[in-house]
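Okay, structure first, notes after.
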Amino acid sequence: MAVTDLFAKRATLGRSVRLLSEFRFEQSDPARFYGALADDTAAMVADLWQAGVGGSPSGRSVLDVGGGPGYFAAAFAAAGMDYLGVEPDPREMHAGPAADAASGRYVRASGMALPFADAAVDVCLSSNVAEHVPRPWQLGNEMLRVTRPGGLVVLSYTVWLGPFGGHEMGLTHYLGGARAAALYARRHGHPAKNNYGSSLFAVSAADGLQWARSTGALIGAFPRYHPRWAWWCTEVPLLREFLVSNLVLVLRP
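Heads up, the sequence shown is in UniProt numbering, so the first residue is 1 and it goes up one at a time.
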């Protein structure tokens, strides 16, 4: 069975529409948005584990690199997994459930230098983080390092040339990252939270696929929010930069 076989059955048009409709609440109601994303992510990881490794993921450890405010903890706990979040920004850690000690375990650290031993966890996840660090594939290598052989690494990130590549800067990122950042600051009187060149970087689908293939551990790649019948766009150079939107790389050390 291919690693994506089970998740492919879940990747319907209805799911895509439902998730995209939640994006409009990211700023106004983050608990609603991130709660829905967390449930979907936990289900995706469980499907990938069952198809790619075998058996139930219940009881397995999952390290969430860039876990942010901690909305994912409850979703993975519901799946029976032992959740540990890593987040470098204390403001993010105190912006949601991560501030509650009962919601899970969290470590303040950089994803580019994870403070864990080699082969320490069963699953290492990074959701929408790689585009926010200056050396995304160093983060990817760290994720591989801390995952035990035969485990699973799931690295998902927003592709720069996709429609959401500019984050809150909207489609102005097609004018160039520096210009989009300047336009946002002029319009709002302050820099964007996801500010090009400091907390947002241009990460391509091609670069991610090249890195993943170079590790020898890549076992799957697909667009995270697309229905299964649209996954073909991942295979088409250049076109995938505009259509994939969010690329999922699945690796097995």
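Idealized CB from N, CA, C, for every residue including glycine.
Handout entry: Minimum C-alpha distance to Asn195 - residue among Ala73, Leu20, Gly176, Ala230
Key = Gly176
Exercise for the section: Please classify Trp49: is it buried, with 16 or more other beta-carbons within 10 angstroms of its beta-carbon, or exposed? Expected result: buried
Exercise for the section: For Val146, I'd like the list of residues in its chain whose CB is within less than 8 Å of its CB, leaving aside the five on either flank, ordered along the chain. Expected result: Leu63, Leu114, Phe116, Ala117, Asp118, Ala119, Ala120, Val121, Cys124
Problem - Limits of the unbroken alpha helix (DSSP H) element including Asp207 - result: 205-215
Problem - Straight-line Cα distance separating Gly67 from Ala178 - result: Computed Cα separation, rounded: 27 Å.
Handout entry: Residues of its chain near Gly35, where Cβ-Cβ distance is below 7 Å and the 5 sequence neighbours each way are ignored
Key = Tyr71
Exercise for the section: Tell me where the beta strand (DSSP E) around Phe164 begins and ends. Expected result: Where Phe164 is concerned, there is no enclosing beta strand (DSSP E), given that its DSSP letter is neither H nor E.
Practice task
Starting from the Cα of Ala205, find the closest Cα among Gly189, Pro237, Lys193 and give me that residue.
Solution key: Pro237
Exercise for the section: Could you give the DSSP three-state label for Arg148: helix, strand or coil? Expected result: If DSSP states are grouped into helix, strand and coil, Arg148 belongs with the strands.
Handout entry: Sequence-distant residues of the same chain with beta carbon closer than 8 Å to Val53, five excluded per side
Key = Gly150, Gly151, Leu152, Arg252
Problem - Buried versus exposed, by CB contacts within 10 Å (16 or more), Arg187 - result: With a 10 Å radius around the Cβ and a threshold of 16 neighbouring Cβ atoms, Arg187 comes out exposed.
Handout entry: Option in Phe242, Val129, Ala74, Leu13 with minimal Cα separation from Ala31
Key = Checking every option, the nearest Cα to that of Ala31 belongs to Ala74.
Practice task
Have a look at the DSSP bridge pairing and note the partners of Leu155.
Solution key: DSSP, once it has assigned bridges, lists Ser126, Leu249 as partnering Leu155.
Practice task
State buried or exposed for Ala2, treating a residue as buried only when at least 16 other CB atoms are found within 10 Å of its CB.
Solution key: exposed
Problem - Closest by C-alpha distance to Gln138, when choosing among Met112, Leu183, Val154, Ser127 - result: Met112
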